[in-house]
Ligand SMILES: Nc1ncnc2c1ncn2[C@@H]1O[C@H](COP(=O)(O)OP(=O)(O)O)[C@@H](O)[C@H]1O
Ligand SMILES: Nc1ncnc2c1ncn2[C@@H]1O[C@H](COP(=O)(O)OP(=O)(O)O)[C@@H](O)[C@H]1O
Ligand SMILES: Nc1ncnc2c1ncn2[C@@H]1O[C@H](COP(=O)(O)OP(=O)(O)O)[C@@H](O)[C@H]1O
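Residue numbers (our numbering), protein chains in the order written: chain L, 1 to 440; chain P, 1 to 440; chain S, 1 to 440; chain X, 1 to 112; chain Y, 1 to 112; chain Z, 1 to 112.
Okay, structure coming up:
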């Protein structure tokens, strides 16, 4: 979100009183005096469509291709149902908690004054955008973030649990963290930079996914007798849609059709390209075979990792971020599976969690590097900013892990996390949804 | 289309002389004095791409996944061929009949002065848009509307009949109705509100589909021995593309990148989300299994139903419209199949026809509800508007049903509606198109 | 690219000293005095996403559906890897070679002053666009052009060769030709018109593909014992995405959200529609069965052929171009396969090469035809322009053929062009990438 | 006991199944197969190039049954599968030495 | 030599394969089939309409083996495939006259 | 009559079919199967995790033929399917009691 780095935000002094300061200066108060820009509005409307496209069908296909054929529909269903549910929760509570003022609690959480868009009029603006446009753009972020977690629990989760978890998680994890970083909360006050959601989206989803996978337990047959991805072509298709949609995600986060948006798109693209090729090269040299699933996993790692930094680095920084994303996430995957032995089935933590955090921390180091690099906001030092970023990471990770665990323990107390073992054996498509993926 | 509700249209007095009035005031005359807006143009160019995407490949996949594997290509082919044919008919006749002045006949139909875009110059504007941009945006509507009807006749129709019907239907049903509502015809004169095509698109296609299915007769094995959808994943993919594309359809119908577009996108999204979850809940409680095909059918119902009202309601109205869409269309599906015993194979009438009509009628009741709701245009009463909307529904339905039936009877007189029974048994892919869908 | 036809370019006198002239006048110098337009920027950002979508996943799916099931992943992989690699090469060298000044060599090639975007600042503009936006738009062209060549060599090529060829080809073929036409080189100086890449994209890729296929040799079983397309539905999906994306390709090449963009979109759409139906009609009359693969091949032929002319013709011209595209490319396919007996497996030359050249040559003849036709730039005669276009064709074809052949001979000297015969028999998916496309 | 293998046209599967079920034969195992025989495969044309598909999709039914039912079963299959056109398929009869129901370990005809 | 055909539930394939391999039987050929029998198929409901799927997915295993191994093999299959529920499947035993390894042209039991 | 079952490598199907056709054997039924045997399956690696695919894709050919043609047929199959590598497959011969052509109800060798 451009707002975290906008000039007005820069004025916020990084100091002990940052939290209080944030309350007062309100780094994100929409500039009400401004007029709506048709060009900016056109771009953010487009970006909204692109980000919805990331989840529906992008992410759904990306994940759907990786599971057994008997579970493909259940994965698509989970993604679609989460998207719908998240939209309604966002309307009822999420947007207001994230983007309205929380009064005395504002450093921690917004208020309920904008629930159901109360008080938003036809001429309300956020920056140069009509507020419904900003609402919708943000809604698509609130959709994809919980949908990312699907990768942790496919092929064995209870469907009801997915819905319940999503609703609670959105209110208790996503909305607060979103408020902290983009809604004028304590991290905004500290000056943490997260352009398009390295912390807000990827770190929250990634770490929560790890917790979910751990509490849920592994799939039958993990780790040695699993079926290979049933349709890597679907996965590639989904990855391509994620890539295209990410142009909306990152360049849309400029909230304007300007040079910042252009540069954000550029570095996003370069990071994705570099990470894809790097992941391919690693596989090629280690296993002798560069795989499509590997290449596109690299793509997503590169995209997740550049996300927080898309407003702060130039193309050279993007090359480094992309290469680092592939190397680190590749190791991350192996560590989670082989060392931690957690069945985070589609590697949400290793790709999104690790990527989002990595990008958040690399940002200050690479902000000034090479042509077109904007550098850090005036008055920030590399290591000062690194400290702030690290505080952001720690705060967001702890909150996500603890609250996600509490939500799941609560659900487990009253219901079940897993589908019945029989349903798992038969495949969730037929057992839970009464459908079969392919009748050829 | 914003134009139906634009200030200039509002000035049209709802009166006995409405039809004559429309002729004189020409509610849709492009405001020639205006300048083109680059922002509006950018958005409507984008929206055009999005609406084309709805048909190609969105709708094609949505339908393609629901038929037998031996017919998947025939459905894709029908959608693609219709898109191409409709485009040429739109250029040659449709656009002019819909959007040029029809002289004395103007309440009923436009003229031929803009056939092949005659007289449209490089600087012609429609509102703030270069006229070619408006032409293309409208062309994508003229593509998807006949393509929707494909759902009525798959797996048994004669391909030549599809083409012939499409060409005639576009000229005789779509273009006139489009003119009535958006081109300054008698319904515009009466003040009927149809923001993005509840009547023009969904009611025309839905009711014509029912007529087509009835005259064509059911598939072999209807209703008890049909094959289940061969690839629900394709259907979900198509539904997702329709959803994303619908942002262009509804928010593009504002013909501007402004707050109206933003709100239209917002209510579209909320209605789709609500309808999806409601349909899922109905299935879950009735059959014990929430299905992916069900959820995405709800999505489409929610989208079709909000379409006429996307410029007139706020988010709370959208929630109600979405919920109503799912409940009513769900029953509609059962009534058509079980009571009427018509093999409207992919439920075009029950989803699009019923949805479009429902939304058209709910609009006046919900226009003022909750935050961000614009209410009805000044000077309109809820029940007065309801009456106008009802007149619109009746007029459009009668016209669509009668003219579609006449077209089909005419075709049947000279040719055949159905593919040979052998071809139906073998599957249209191989029998008619000489191809097979899957060689795995 | 609008720039080739922009007023400033028109001033360039077509004369013997054209090449020298181009050096001096620099027909394509960005108008630095201008301000960025948010509307134009919004549209070109969108168009960039659309053009990336053409390759990922559009073209990949289009090609992937046409091969054997055992090779589908290898095709997707080739497209994805090419996209990534081309992006990095474009950043490092390509953009600068194409769009910076080459000093004394400028008629032939740009310089290296913009390698890695050196010297491009936050406020650099290209026309009304921030330069990073222009860079990214052009990057997507540099991605799809080499990816088109994939159709020449699937099911048998060595993967390493694909990568090596792509990198060299982009620098030695694409970048120079791009500079000649859009970067102020000798063809721009002569006044050649190539709106969106008939020469730069389709002629280069198409003729290079033919050379590649020839030097590589045919697939096992060519021509009589090949497997039919394994999944024509994928191919249709890809074609639909290409169509939608082409709106960005052609209308985006206006580099503005204006009437020119609108008309370019319109004629693109009409040509695609006409060509699709024409191809269908040819098949129907010759073989008795209109096929989906045929129809969508027509689509792509129509799109490729209108590409150079999208800024120069009206809708009537587009109808003629579309019809010609289908007739000529249909014959082209047969000639390459049956007469030349070259296994240009997915007909890259016959569709893209022939189409791009055909459109380039038809352009002057049709520029003035019918409503909305802009005609040739002032001062150009039909036959004068035809001569210039022909020179462009000859120059580009010779360069592409010769340099591609040299690259391949060089690679063959140090390595191998083909995958091992065993790998070809088994399928490249498993043999080279260690994956299987479908585990149903 | 006999082991009957019938190769038929795919769309005759349902009628054959019903006919057998009228004889009290409910159990059978069905496989999708590719048939080569006198009936010729078809040609598909993609972009002007011909692709010959030599085989035809057929369905193979395997039925273990009591020898006493054999002739009746053959008659049922023939009448339900016969369309009078080339390619209607074949019935092959093999001797079955033993049969066993996995659930109960019953053997012989009572396992069928 | 005997030719054993076993129809089992798909998810029992791995256990059966392992059980046979403990007997030294490594070779077998497996086909995905549709089973009809006492175990009933299921219904799927799409948009309120019921679709009856009569068959059940099963796996057919074919094993050529030395007659001496027959009873042991049957026992292994039964114990690995038995879930005690209807639909567990069948084992059919046919006589095998000859066997040949294509690579070496060995014949008889040494070809297995 | 004999019932011959040959398990071969998929890409040898065409050569085998041609070889048999030279003997005048045009009819056969082909199934895609998964083979287990001495030839080992392969490993696939996705994101660093190994997936073992134990089986190998094979093709099963079933041919009913006159006993007089048996040895010739076996020879043809062997020479067309033999690549000399492990996994080339097997030929099994069963006795065929009866055959019937559904279209004409011809029985015995004239039904083949
Ligand atoms: N000798 C044979 N052995 C095994 N299967 C056969 C044989 N001959 C034919 N078939 C199977 O029977 C099917 C029908 O045979 P075909 O010769 O085409 O027609 P018909 O059954 O009318 O004689 C073939 O497609 C093939 O599957
Ligand atoms: N007579 C038969 N001939 C061939 N296959 C049979 C026969 N009866 C059953 N089968 C196969 O065995 C499977 C299991 O049979 P079924 O009657 O459902 O249960 P059970 O094995 O418990 O008796 C069926 O699905 C079918 O594939
Ligand atoms: N005892 C057996 N029964 C049935 N099929 C077998 C048997 N042994 C092998 N096969 C089949 O033959 C194929 C080849 O056997 P394998 O042992 O791998 O090599 P080879 O044919 O060289 O001896 C196997 O994949 C399997 O399909």
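Where is the CB? At the ideal position from N, CA and C, for every residue including glycine.
{"Query": "Quick one: is residue 108 (chain Z) buried, meaning 16 or more other Cβ sit within 10 Å of its Cβ, or exposed?", "Result": "exposed"}
{"Query": "Which value, in whole angstroms, describes the spacing of the CA atoms of residue 66 (chain S) and residue 15 (chain Y)?", "Result": "39 Å"}
{"Query": "Taking 8 Å as the limit between beta carbons, can you name the residues of its chain near residue 290 (chain L), skipping five residues before and five after?", "Result": "280, 281, 283, 284"}
{"Query": "Could you tell me which uninterrupted alpha helix (DSSP H) segments, each at least 4 residues in length, are contained entirely in the segment 248-296 of chain P, listed from first to last along the chain?", "Result": "259-287"}
{"Query": "Leaving out five residues before and five after residue 505 (chain P) in sequence, what residues of the same chain have Cβ atoms less than 6 Å from its Cβ?", "Result": "There is simply no residue 505 (chain P) to check, as chain P begins at 1 and stops at 440 in what is shown."}
{"Query": "May I ask you to list the residues that DSSP assigns as paired with residue 130 (chain S)?", "Result": "S:125"}
{"Query": "By DSSP's criteria, residue 62 (chain Z) is part of a beta bridge. Which residues make up the other side?", "Result": "Z:5, Z:29"}
{"Query": "Could you list which residues in chain Y have their beta carbon closer than 7 Å to that of residue 127 (chain P), in chain order?", "Result": "Those within 7 Å of residue 127 (chain P) in chain Y number zero; the least Cβ separation is about 40 Å."}
{"Query": "Report yes if the C-beta of residue 52 (chain X) is less than 8 Å from at least one heavy atom of ligand 1; otherwise report no.", "Result": "no"}
{"Query": "Count the C-beta pairs between the segment 268-279 of chain L and the segment 207-218 of chain L that are closer than 8 Å, then say yes if the count reaches three, no if not.", "Result": "no"}
{"Query": "For residue 67 (chain Y), collect the residues of the same chain with a Cβ closer than 7 Å to its Cβ; drop the 5 residues on either side in sequence, then sort them by chain order.", "Result": "1, 2"}
{"Query": "Just list the alpha helix (DSSP H) runs in the segment 71-146 of chain S, keeping only unbroken ones of 4 residues or longer that don't cross its boundaries, in chain order.", "Result": "72-89, 95-99"}
{"Query": "Just the Cα atoms here: how many angstroms apart are residue 22 (chain P) and residue 190 (chain P)?", "Result": "Reliability fails at residue 22 (chain P), whose pLDDT of 35 lies under 50, so the model's placement of it is uncertain and no value is given."}
{"Query": "Taking Cβ-Cβ distances shorter than 7 Å, what residues in chain S pair up with residue 45 (chain Z)?", "Result": "434"}
{"Query": "At which residue ranges does the segment 71-101 of chain Y contain complete beta strand (DSSP E) runs of 3 or more residues, listed in the order of the chain?", "Result": "90-95, 98-101"}
{"Query": "Could you tell me whether any Cβ in chain S is nearer than 9 Å to the Cβ of residue 48 (chain X)?", "Result": "yes"}
{"Query": "Who pairs with residue 52 (chain Y) in a beta bridge, going by DSSP?", "Result": "Y:43"}
{"Query": "Chain L beta carbons: is any one of them nearer than 9 Å to that of residue 63 (chain S)?", "Result": "no"}
{"Query": "Buried or exposed: where does residue 415 (chain S) fall if 16 or more other Cβ atoms within 10 Å of its Cβ makes it buried?", "Result": "exposed"}
{"Query": "Run through chain P and tell me which residues come within less than 8 Å of residue 48 (chain L), C-beta to C-beta.", "Result": "247, 265"}
{"Query": "Give me the Cα-Cα distance between residue 40 (chain P) and residue 253 (chain P), rounded to the nearest whole angstrom.", "Result": "11 Å"}
{"Query": "Report all residues from its chain with a CB closer than 6 Å to the CB of residue 237 (chain S); omit the five preceding and five following residues, and keep chain order.", "Result": "61"}
{"Query": "Excluding the 5 residues flanking residue 52 (chain Y) on each side, which residues of the same chain have their C-beta closer than 6 Å to its C-beta?", "Result": "43"}
{"Query": "In the DSSP assignment, what residue or residues form a beta bridge with residue 34 (chain Z)?", "Result": "Y:30, Z:57"}
{"Query": "To the nearest angstrom, how far is it from the Cα of residue 200 (chain S) to the Cα of residue 329 (chain S)?", "Result": "19 Å"}
{"Query": "If you measure from the beta carbon of residue 7 (chain X) to each beta carbon in chain Z, is any gap under 9 Å?", "Result": "yes"}
{"Query": "Is residue 411 (chain S) near residue 153 (chain S), with beta carbons less than 9 Å apart?", "Result": "no"}
{"Query": "So which residues of chain L does residue 51 (chain Z) contact, with C-beta pairs closer than 8 Å?", "Result": "226, 227, 228"}
{"Query": "Apart from the five residues just before and just after residue 20 (chain Z), which ones in its own chain have a Cβ nearer than 6 Å to its Cβ?", "Result": "76"}
{"Query": "Which class does residue 157 (chain L) belong to by DSSP, given the choice of helix, strand or coil?", "Result": "strand"}
{"Query": "What I want to know is whether the C-beta of residue 164 (chain X) ends up closer than 8 Å to one or more non-hydrogen atoms of ligand 1.", "Result": "Limits of chain X in this structure are 1 at one end and 112 at the other, which puts residue 164 (chain X) out of reach."}
{"Query": "Counting only beta-carbon separations shorter than 9 Å, does residue 31 (chain X) have a partner in chain Y?", "Result": "yes"}
{"Query": "Check whether chain Y comes within 9 Å of residue 63 (chain Z), counting only Cβ atoms and requiring the distance to be less than that.", "Result": "no"}
{"Query": "Establish whether the CB of residue 430 (chain S) and some CB of chain Z are separated by less than 9 Å.", "Result": "yes"}
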